[in-house]
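Same order as they appear, the protein sequences are chains A and B.
Just so we're on the same page, the numbering used here is the position in the first sequence counted from 1, plus 827.
Just so we're on the same page, the numbering used here is the position in the second sequence counted from 1, plus 827.
The beta carbon of each residue, even a glycine, is placed where N, CA and C say it ideally should be.
Just so you know, these numbers come straight off a predicted model, no measurement behind them.
There are 2 protein chains.
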Amino acid sequence: MYRTHNCGELRLANQGQKVTLSGWVQRLRNKGGVVWIDLRDRYGITQLVFEEGRSPAALLAAAKEVGREYVLQVTGTVVERYAKNPKMPTGDIEIRVEELTVLNKSAVPPFMIADETDGGEDLRMKYRYLDIRRNPVKNALLLRHRMLQETRAYLSGQGFIEVETPVLIKSTPEGARDFVVPSRMNPGEFYALPQSPQTFKQLLMVGGIDKYFQLVKCFRDEDLRADRQPEFTQIDCEMSFVEIEDIQQAFEGLIKHLFKQIKGITIDEVPVMTYADALAQYGSDKPDIRFGMKFVELHDVARGKGFKVFDSAELVVGICARGAAGYSRKQLDALTDFVKKPQIGAKGLVYIKYNAEGSFKSSVDKFYTREDLQAIAAKFNARPGDLMLVLSGEAAATRAALNELRLKMGDDLGLRDPNTYKVLWVVDFPLLEWDEETQRYHAMHHPFTSPKKEDMALLDTAPGKVRANAYDMVINGVEVGGGSIRIHDQETQSLMFKHLGFSEAEAKAQFGFLMQAFTYGAPPHGGIAFGFDRLCALFGGSDSIRDYIAFPKNNAGRDVMIDSPSPIAPAQLEELRIRLKNDND
Amino acid sequence: MYRTHNCGELRLANQGQKVTLSGWVQRLRNKGGVVWIDLRDRYGITQLVFEEGRSPAALLAAAKEVGREYVLQVTGTVVERYAKNPKMPTGDIEIRVEELTVLNKSAVPPFMIADETDGGEDLRMKYRYLDIRRNPVKNALLLRHRMLQETRAYLSGQGFIEVETPVLIKSTPEGARDFVVPSRMNPGEFYALPQSPQTFKQLLMVGGIDKYFQLVKCFRDEDLRADRQPEFTQIDCEMSFVEIEDIQQAFEGLIKHLFKQIKGITIDEVPVMTYADALAQYGSDKPDIRFGMKFVELHDVARGKGFKVFDSAELVVGICARGAAGYSRKQLDALTDFVKKPQIGAKGLVYIKYNAEGSFKSSVDKFYTREDLQAIAAKFNARPGDLMLVLSGEAAATRAALNELRLKMGDDLGLRDPNTYKVLWVVDFPLLEWDEETQRYHAMHHPFTSPKKEDMALLDTAPGKVRANAYDMVINGVEVGGGSIRIHDQETQSLMFKHLGFSEAEAKAQFGFLMQAFTYGAPPHGGIAFGFDRLCALFGGSDSIRDYIAFPKNNAGRDVMIDSPSPIAPAQLEELRIRLKNDND
Chain A
828 MYRTHNCGEL
838 RLANQGQKVT
848 LSGWVQRLRN
858 KGGVVWIDLR
868 DRYGITQLVF
878 EEGRSPAALL
888 AAAKEVGREY
898 VLQVTGTVVE
908 RYAKNPKMPT
918 GDIEIRVEEL
928 TVLNKSAVPP
938 FMIADETDGG
948 EDLRMKYRYL
958 DIRRNPVKNA
968 LLLRHRMLQE
978 TRAYLSGQGF
988 IEVETPVLIK
998 STPEGARDFV
1008 VPSRMNPGEF
1018 YALPQSPQTF
1028 KQLLMVGGID
1038 KYFQLVKCFR
1048 DEDLRADRQP
1058 EFTQIDCEMS
1068 FVEIEDIQQA
1078 FEGLIKHLFK
1088 QIKGITIDEV
1098 PVMTYADALA
1108 QYGSDKPDIR
1118 FGMKFVELHD
1128 VARGKGFKVF
1138 DSAELVVGIC
1148 ARGAAGYSRK
1158 QLDALTDFVK
1168 KPQIGAKGLV
1178 YIKYNAEGSF
1188 KSSVDKFYTR
1198 EDLQAIAAKF
1208 NARPGDLMLV
1218 LSGEAAATRA
1228 ALNELRLKMG
1238 DDLGLRDPNT
1248 YKVLWVVDFP
1258 LLEWDEETQR
1268 YHAMHHPFTS
1278 PKKEDMALLD
1288 TAPGKVRANA
1298 YDMVINGVEV
1308 GGGSIRIHDQ
1318 ETQSLMFKHL
1328 GFSEAEAKAQ
1338 FGFLMQAFTY
1348 GAPPHGGIAF
1358 GFDRLCALFG
1368 GSDSIRDYIA
1378 FPKNNAGRDV
1388 MIDSPSPIAP
1398 AQLEELRIRL
1408 KNDND
Chain B
828 MYRTHNCGEL
838 RLANQGQKVT
848 LSGWVQRLRN
858 KGGVVWIDLR
868 DRYGITQLVF
878 EEGRSPAALL
888 AAAKEVGREY
898 VLQVTGTVVE
908 RYAKNPKMPT
918 GDIEIRVEEL
928 TVLNKSAVPP
938 FMIADETDGG
948 EDLRMKYRYL
958 DIRRNPVKNA
968 LLLRHRMLQE
978 TRAYLSGQGF
988 IEVETPVLIK
998 STPEGARDFV
1008 VPSRMNPGEF
1018 YALPQSPQTF
1028 KQLLMVGGID
1038 KYFQLVKCFR
1048 DEDLRADRQP
1058 EFTQIDCEMS
1068 FVEIEDIQQA
1078 FEGLIKHLFK
1088 QIKGITIDEV
1098 PVMTYADALA
1108 QYGSDKPDIR
1118 FGMKFVELHD
1128 VARGKGFKVF
1138 DSAELVVGIC
1148 ARGAAGYSRK
1158 QLDALTDFVK
1168 KPQIGAKGLV
1178 YIKYNAEGSF
1188 KSSVDKFYTR
1198 EDLQAIAAKF
1208 NARPGDLMLV
1218 LSGEAAATRA
1228 ALNELRLKMG
1238 DDLGLRDPNT
1248 YKVLWVVDFP
1258 LLEWDEETQR
1268 YHAMHHPFTS
1278 PKKEDMALLD
1288 TAPGKVRANA
1298 YDMVINGVEV
1308 GGGSIRIHDQ
1318 ETQSLMFKHL
1328 GFSEAEAKAQ
1338 FGFLMQAFTY
1348 GAPPHGGIAF
1358 GFDRLCALFG
1368 GSDSIRDYIA
1378 FPKNNAGRDV
1388 MIDSPSPIAP
1398 AQLEELRIRL
1408 KNDND
């Protein structure tokens, strides 16, 4: 037996016990006559002591020989420490070692195995197995483990059935790019890896499995941004015989359960906001509602005063930052620079200070009288001491820019407390969005999303105005999940494919099986999918999903640890009946 | 709201309640003045009644219009039935319908949605979403769901951490054929889908995650046999600081938990048998120990009596079937035909009846005296009334054939009770097996399996005799899982690669990351993987894993429901920088 206890559990109560521990050398202090070794495993650190006079000379000598990250097995007696360490759970005791076995040596690790490491991201990714020994990464994996178990326990308890859907499926050109898998047994043909189990979960509904869930790997061959991974995990769910409210209730329940179990936080209410309101009031379909600072449109009070910038703008809209009138010139310049950054793209920023003593100071004083500014302030419900910030221009771009500014002000003013969690439903998304490049409408969510009945008539006349029975869950400004009530009859589905520019033949080739399934008694159904990596990061208080994935890939889609992807043998290509294309091809 | 109750829960206690149900039409009985509809959902069947005089004429007419598998929503009152059906949980009540909405129509399904269906396997696979409505398939999925939850609950409770390992990994020529995925971002390079997360779980051990598990999809591009799937699910586990006994204890615990929770069966003990004993006593490395009928070798009593077949055979071995001396000539001929089938391959069968009254009758009476037969019978511990069956020939083939005969006799004599479960560990597998085709040794388990220390010296002189620290779990003659204590030091791993015919360069190219990881303090570790599909089938009492997979593929690796694999667009190939090979290439 390699160990009787782990390195995190021994206490004063164990004093006098003979124990065996195994673990890694975190630290060695050699004071000549005394050697202390901190032995580490997943559960904690326990101090070992070897002492001249008490330990045989050979044992003391052996202890001095071990290096960082050596794997040791020791047997000894639990004794009380002279100098206790109240910061360590095992800090009251140490092990007086009687036997020492080096189970494995270690080369000097390429970076410090410590909470604050000297290893850069690239190095840590190459040696991810060493990175995982560090508490921050280990704890992220432990959090993920608990999230996995609690998610399943809750959904199972609610009568959801976990069904594993296939990974080798069929390529569909709609949506993001598929990863494909050549079939050796069917030369010239390919499987695709699922971007989501969407069609399968709908088929399960047709099959009468009225509550389905799965924690499932999904795949998208996209050009990777910093926080995207080619493979990612979804909490994928679907229900039959439900309306939007049933779905919302079910998955508010899930999120509340997770917050309670994982973080001890009670989420009381989950407000519902329309997409239109979210854009109008926050300039974003995923507003952070931990703070107010809602958008105020100023057309009636800011136009017609000779300020051409506002007069000619499609939209004049601002926010009011409470108590920020004291912002210095330098701070205001920095805000202007912020909104003018190319990725935000505003032309400029108008500020109006409502000073504490009641006067106004603005960057547009020459166009606006005190009364004009008073009227604007009234529009904002501003009070003395507040700072109003106004952007103008093309409506969508201006809202988007003001959203960024609002979030920045929220950060600056400490309104985005990472320990506060506000959960929100955003609903009534548009069904379709216009794509300039292809000059046609795309499904905003996916082609199986049902339009609102009352908007169906608009499909022919104003497709962009048709609202969908679609909803997103947003937490602290992060979209953590989304879904919709699906189309469940063949006619509506055909109509949708038509509006998405599918020919009948294309629709049949790609989704014929689903269309056919709908002819055999498909129930009304809907569902949702949560980005599980993102949810873990949110619960862990991190911005990076990569910390919550055991073996992530880099932005080029490479696993630098195993050096993948990689060339394969010519014999493999031959068996698959494919050839690599040369530059000349 | 689509329903207040499901179709399986209403009882006499609900009498008088107004309820809303949704579901599918299982059956309609139209007696003119009265119409009964059996409404079905995942939870059961509830009878609806429409009656002339009590129901409005339009409602009665509408009820008569519905067809099989229509999706209905009904509101009505729970009433006591005149003619109760004690076989149905809801058989005491029916719903007197007041409102009827057809939520969706259905074409006539291509086969009966019933426990015993008229649909052949091909048809049921094409319309798998309809097949899933049938109780046997639905119940198989429900069983699988429970197995999933119980497995995770147990392992979680034991301190195992669920870690998701990547699906897009690296191709390794060792072992079975990989499915590969061309990388668009890295032209000419490929990911591979994992045959198992083997190397990743070992890296997790190096990373200090000392108890890992995952229920994980694995992939093998093999020529499919009836009961193989290109993608399958494993319970994949690994532990650090463990010896074989620790692993056995941990996973006996899992299996006992599953039997207790899922089937209410207590498994008391799990015996351990060596591979050598399993082959010698049962002719199989996965013996069914629900019954004895162990092999008895007869060299000392059956040779030298002038029967050339036995005298010249490498092995003479038999079984004793208790109480089967009454087998008729015809039955014995059938057994002879059985062992002579090409897939079994014996040349013939010798029988010796120990008749109830004490006489012997055998197929070799002219070579053996009564005393000779008595000696043979003594060897078998045979009693009057028993039937001895003896095969001879080349040792391995003869054992394999006798294994088949033993299993058949077990079936014939009712010794393989499907409701009895016997769990067994088979241990001490050979490390290597000789491959005639490539004229070299292959790893019997995989190249990371550790040899037994005491056998290491044989690696150079008699590699085939080296035993591995490997173990299989066998239940009722089915191998449900297997694993090993791994190599955890670089030298032994290098030695192993050498013996498997890897050059240093090959070993480095394929497993360099693992070899490197071993230099940074790899702990002693080992693990196991269970074939989850197989385990579900075993628990469900079925021979076919396909019943326990929601959307299985056929023997050509095709999903006939979605018609996959399929050709992909030329633009996709172009983006991936690959070409299909023509026959001319």
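Chain B partners of residue 960 of chain A, CB-CB under 7 Å?
Against the first sequence, residue 960 of chain A aligns to sequence position 133. Near residue 960 of chain A (Cβ distances below 7 Å), the residues of chain B are 1034, 1035.
For residue 1393 of chain A and residue 1368 of chain A, what's the separation of their Cα atoms in angstroms?
As a position in the first sequence, residue 1393 of chain A is number 566, starting the count at 1. As a position in the first sequence, residue 1368 of chain A is number 541, starting the count at 1. About 35 Å.
If we define contact as Cβ-Cβ less than 8 Å, is residue 890 of chain A a contact residue for chain B?
Along the first sequence, read from residue 1 onward, the residue named residue 890 of chain A stands at position 63. Not one chain B Cβ lies under 8 Å of residue 890 of chain A.
Residues of the region 1372–1393 of chain A with a CB closer than 9 Å to any CB of chain B: list them in chain order, please.
1376, 1377, 1378, 1379, 1380, 1383, 1384, 1385, 1386, 1388, 1389, 1390, 1391, 1392, 1393
Show which residues of chain A have a CB atom less than 8 Å away from the CB atom of residue 1349 of chain B.
Locating residue 1349 of chain B in the second sequence gives position 522, counting from the first residue. Residues of chain A passing the Cβ test: 898, 931.
Which ranges would you report for the beta strand (DSSP E) in the region 956–1015 of chain B if only whole runs of at least 3 residues count?
1007–1009
Going by DSSP, what residue range makes up the alpha helix (DSSP H) through residue 1225 of chain A?
Here the question's residue 1225 of chain A lines up with position 398 in the first sequence. Per DSSP, residue 1225 of chain A belongs to the alpha helix (DSSP H) from 1222–1239.
Nearest-angstrom beta carbon gap, residue 1187 of chain B and residue 1197 of chain B [assumed within contact, 8 Å]
What you label residue 1197 of chain B is simply residue 370 of the second sequence in a count that begins at 1. What you label residue 1187 of chain B is simply residue 360 of the second sequence in a count that begins at 1. At roughly 6 Å, the Cβ-Cβ gap stays under 8 Å, so residue 1197 of chain B and residue 1187 of chain B are in contact.
For residue 882 of chain A, count neighbouring C-beta atoms within 10 Å of its own C-beta (all shown protein chains included) and say buried if the count is 16 or more, exposed if not.
Counting from one through the first sequence, the residue named residue 882 of chain A turns up at place 55. Burial call: buried.
Okay, do the region 950–961 of chain B and the region 917–929 of chain B touch, 3+ Cβ pairs below 8 Å being the bar?
no
With 8 Å as the threshold, decide whether the Cβ of residue 1414 of chain B is near any Cβ in chain A.
Coverage of chain B is limited to positions 828 through 1412, which leaves residue 1414 of chain B absent and any answer about it impossible.
Note the first and the last residue of the continuous alpha helix (DSSP H) segment covering residue 1166 of chain A.
Translated into positions along the first sequence, residue 1166 of chain A becomes position 339. Note, residue 1166 of chain A: alpha helix (DSSP H), 1156–1167.
Would residue 1240 of chain B and residue 1161 of chain B qualify as a contact pair, given that the criterion is a beta-carbon distance under 8 Å?
Looking up residue 1240 of chain B in the second sequence gives position 413. Looking up residue 1161 of chain B in the second sequence gives position 334. Cβ distance not < 8 Å, so residue 1240 of chain B and residue 1161 of chain B don't count as in contact.
Three-state secondary structure (DSSP) at residue 1203 of chain B?
Position 376 of the second sequence holds residue 1203 of chain B. Note: residue 1203 of chain B maps to helix in three-state DSSP.
How would you call residue 1135 of chain B, buried or exposed, if buried means at least 16 neighbouring beta carbons within 10 angstroms?
Locating residue 1135 of chain B in the second sequence gives position 308, where the first residue counts as 1. Classification for residue 1135 of chain B: exposed.
What residue from A:1250, A:1178, A:1143, A:1247 has the CA that sits closest to residue 1221 of chain A's CA?
Looking up residue 1221 of chain A in the first sequence gives position 394. Ranking A:1250, A:1178, A:1143, A:1247 by Cα distance to residue 1221 of chain A puts A:1143 first.
Nearest-angstrom Cα separation, counted from residue 1066 of chain A out to residue 1291 of chain A
Counted from its first residue, the first sequence places residue 1291 of chain A at position 464. Counted from its first residue, the first sequence places residue 1066 of chain A at position 239. Using only the alpha carbons, I get a separation of about 28 Å.
Assigned exposure category for residue 936 of chain A - 16 Cβ within 10 Å defines buried
Position 109 of the first sequence, counted from the start, is the residue given in the question as residue 936 of chain A. By the neighbour-count rule (16 or more Cβ atoms within 10 Å), residue 936 of chain A is buried.
Which same chain residues, not among the five before or five after residue 1333 of chain B, have their C-beta less than 6 Å away from its C-beta?
Position 506 of the second sequence, counting from 1, holds the residue named residue 1333 of chain B. Excluding sequence neighbours, residue 1333 of chain B sits near nothing in its chain.
So, does the region 1389–1406 of chain A touch the region 1009–1019 of chain B, judging by three or more C-beta pairs under 8 Å?
yes
Residue 986 of chain A to residue 952 of chain B span [Cα, whole Å]:
The residue given as residue 986 of chain A occupies position 159 in the first sequence. The residue given as residue 952 of chain B occupies position 125 in the second sequence. Straight-line Cα distance between these residues: approximately 26 Å.
Mapping the DSSP letters down to three states, classify residue 878 of chain B as helix, strand or coil.
The residue given as residue 878 of chain B occupies position 51 in the second sequence. Note: residue 878 of chain B maps to strand in three-state DSSP.
Using a C-beta to C-beta distance shorter than 9 Å, which residues of chain A count as neighbours of residue 851 of chain B?
Along the second sequence, read from residue 1 onward, the residue named residue 851 of chain B stands at position 24. Chain A residues near residue 851 of chain B: 1035, 1348, 1350.
My output table needs one value for residue 1315 of chain A: the three-state DSSP class, helix, strand or coil.
Locating residue 1315 of chain A in the first sequence gives position 488, where the first residue counts as 1. Note: residue 1315 of chain A maps to coil in three-state DSSP.
Quick check: is the beta carbon of residue 1023 of chain B nearer than 8 Å to any beta carbon in chain A?
Your numbering for residue 1023 of chain B matches position 196 in the second sequence. Judged by the 8 Å Cβ criterion, residue 1023 of chain B is not in contact with chain A.
Against chain C, does residue 1018 of chain A count as a neighbour if the rule is that its beta carbon must be under 8 Å from one of theirs?
Looking at the structure shown, chain C is missing, and the protein chains on hand are A and B.
Would you call the region 1288–1307 of chain A in contact with the region 1232–1250 of chain A, where contact means no fewer than 3 C-beta pairs closer than 8 Å?
yes
Residue-level contact to chain B via CB, residue 975 of chain A, 8 Å cutoff:
Position 148 of the first sequence, counted from the start, is the residue given in the question as residue 975 of chain A. For residue 975 of chain A, the answer is yes, since a Cβ of chain B falls inside 8 Å of its Cβ.
Would you tell me roughly how many angstroms separate the C-alpha atoms of residue 1106 of chain B and residue 1029 of chain B, rounded to the nearest one?
As a working note, residue 1106 of chain B is residue 279 in the second sequence. As a working note, residue 1029 of chain B is residue 202 in the second sequence. Each residue's Cα considered, the two are about 31 Å apart.
Closest by C-alpha distance to residue 1358 of chain A, when choosing among A:1235, A:1021, A:1062, A:870:
Residue mapping note: residue 1358 of chain A aligns to position 531 of the first sequence, counting from 1. The shortest C-alpha separation from residue 1358 of chain A is found at A:1062.
Between which two residues does the beta strand (DSSP E) containing residue 1272 of chain A stretch?
What you label residue 1272 of chain A is simply residue 445 of the first sequence in a count that begins at 1. Segment: none, residue 1272 of chain A is in no beta strand (DSSP E) and carries neither H nor E.
Among A:1366, A:1024, A:877, nearest to residue 972 of chain A - alpha-carbon criterion:
Indexing the first sequence from 1 puts residue 972 of chain A at position 145. For residue 972 of chain A, the nearest C-alpha among the options comes from A:1366.
Cβ neighbour criterion (16 or more within 10 Å) applied to residue 939 of chain B
Residue 939 of chain B sits at position 112 when you count from the first residue of the second sequence. With fewer than 16 Cβ atoms within 10 Å of its Cβ, residue 939 of chain B is classed as exposed.
Spatial distance of residue 1032 of chain B from residue 1354 of chain B (CA atoms):
By one-based count along the second sequence, residue 1032 of chain B stands at place 205. By one-based count along the second sequence, residue 1354 of chain B stands at place 527. When rounded, the distance between both Cα atoms is 10 Å.
8 Å is my cut-off, CB to CB: does residue 1115 of chain A come that close to chain B?
Counted from its first residue, the first sequence places residue 1115 of chain A at position 288. Not one chain B Cβ lies under 8 Å of residue 1115 of chain A.
Using a C-beta to C-beta distance shorter than 9 Å, which residues of chain A count as neighbours of residue 829 of chain B?
Position 2 of the second sequence, counted from the start, is the residue given in the question as residue 829 of chain B. What residue 829 of chain B touches in chain A: 1067, 1068, 1069, 1070, 1073, 1350, 1351.
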